[in-house]
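Asker: Sending over a structure as structure tokens; questions will come in a sec.
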Amino acid sequence: MGVPQGSVLGPKFFNFYLNDLFFEFDKTDVCNLADDTTPYACDKNVENLFRRLEHDSLKAVTWFNNNYMKSNEEKCKLFVPGKTFEHFWIRVGDVLIWESPCELLLGLTIDKDLNFTKHLERICKKASGKVSALARLVNILPFQKKRILMKTFIESQFNYCPLIWMYCT
1 MGVPQGSVLG PKFFNFYLND LFFEFDKTDV CNLADDTTPY ACDKNVENLF RRLEHDSLKA
61 VTWFNNNYMK SNEEKCKLFV PGKTFEHFWI RVGDVLIWES PCELLLGLTI DKDLNFTKHL
121 ERICKKASGK VSALARLVNI LPFQKKRILM KTFIESQFNY CPLIWMYCT
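The sequence shown begins at 1 in this note's numbering and counts up by one.
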């Protein structure tokens, strides 16, 4: 028996269930939000960095298997910021995970150069679509309603993590 989807207790019970996973990460740090678990590490030596990531990622996959859960290899990504001339990969069990040029992490698109251009393009495109939808309602809604819609659905796109990308080109 489980907890119904959307229940107030669902996230709490999921955290109880997942709690032991964090003891598996002894060579890396981990960032977790709901069902998104991201091991990360920093090191000047790339080989040492990859060895640490491979070790803890394999331990996490083993933990998932032992606890009747399945990790989604499609969502497993390797992200190495900075200027590199190689294309890196790590091996987790039988799976090769290749380096990605940019990643979406908790709603923020991060690219290798850390200039957040891809993030700005994504939110501008999303906001543009919403402005187009609002423009179709221009003759139907009074000014105050349009203003509320503008602030709620369009301006809010630019309020998420502004300190990270506000000084970007």
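We put the beta carbon where it would ideally sit given N, CA and C, even for glycine.
Any idea if residue 132 is buried or exposed, counting beta-carbon neighbours within 10 angstroms, 16 or more meaning buried?
Answerer: Per the 10 Å Cβ criterion, exposed.
Asker: Taking only three categories from DSSP, how would you classify residue 36?
Answerer: DSSP places residue 36 in strand when its eight states are reduced to three.
Asker: At the 8 Å Cβ level, is residue 73 part of the contact set with chain B, yes or no?
Answerer: Among the chains of the structure shown, chain B does not appear; only one protein chain is present.
Asker: Please classify residue 85 as buried or exposed, where buried requires at least 16 neighbouring CB atoms within 10 angstroms.
Answerer: Residue 85 is exposed by the Cβ-count criterion.
Asker: Along the chain, where does the beta strand (DSSP E) that runs through residue 91 open and close?
Answerer: Taken as a continuous stretch (DSSP letters only), the beta strand (DSSP E) holding residue 91 covers 89-92.
Asker: If you draw a straight line from the C-alpha of residue 129 to the C-alpha of residue 48, how long is it?
Answerer: The alpha-carbon atoms of residue 129 and residue 48 are separated by roughly 44 Å.
Asker: Report buried or exposed for residue 29, applying the criterion of at least 16 other Cβ atoms within 10 angstroms of its Cβ.
Answerer: Per the 10 Å Cβ criterion, exposed.
Asker: Which of helix, strand or coil does DSSP assign to residue 42?
Answerer: Coil at residue 42, not helix or strand.
Asker: Residues in the same chain with beta-carbon distance under 7 Å from residue 64, minus the five sequence neighbours each way, listed in chain order, please.
Answerer: Here the set comprises 70, 71.
Asker: Got a sec? Which residues, its chain only, sit under 8 Å from residue 91 by beta carbon, not counting five neighbours each side?
Answerer: Only 54, 97 meet the Cβ criterion.
Asker: Since residue 108 contacts residue 119 with CB under 8 Å, what's their CB separation in whole angstroms?
Answerer: Residue 108 to residue 119, Cβ: 6 Å. Contact.
Asker: Grab me the residues of residue 149's own chain with a C-beta within less than 8 Å of its C-beta, minus the 5 sequence neighbours each way, in chain order.
Answerer: Correct list, in chain order: 134, 137, 141.
Asker: Here's a check: name, in chain order, each residue in its chain whose Cβ is nearer than 6 Å to the Cβ of residue 80, leaving out the five neighbours to either side.
Answerer: Correct list, in chain order: 88, 99.
Asker: Counting only runs that start and end within the segment 56-92, where is the beta strand (DSSP E) found for 3 or more residues in a row?
Answerer: The qualifying runs are 89-92.
Asker: Could you check whether residue 103 and residue 60 sit closer than 8 Å to each other, using their CB atoms as the reference points?
Answerer: Going by C-beta atoms, residue 60 is not nearer than 8 Å to residue 103.
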